[in-house]
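Working notes for the structure below.
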Amino acid sequence: RQELVQDLLDQVFHGSAAALVQTLVRGETLSADESAEIQKMLARMAAEEEEEDA
12 RQELVQDLLD QVFHGSAAAL VQTLVRGETL SADESAEIQK MLARMAAEEE
62 EEDA
């Protein structure tokens, strides 16, 4: 699955995960639950990065 997603990012979004997310959000393909889960994942990632930088 990871390889397929990476290929999609590379070929369609020129390696930009942000462009993929923008497409999902703007296309209204995310449910409220999916949006909330993505927000939680991003918050966890940010917290982990802050811990690493401390």
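For what it's worth, the working numbering labels the leading residue of the sequence shown as 12, then goes sequentially. C-beta: ideal position from N, C-alpha, C; glycine also.
Counting along the chain, E48 sits inside the alpha helix (DSSP H) bounded by residues A43 to D64.
C-alpha of R37 to C-alpha of Q50: approximately 16 angstroms in a straight line. Following the DSSP letters along the chain, one finds T40 in no alpha helix (DSSP H), marked with neither H nor E.
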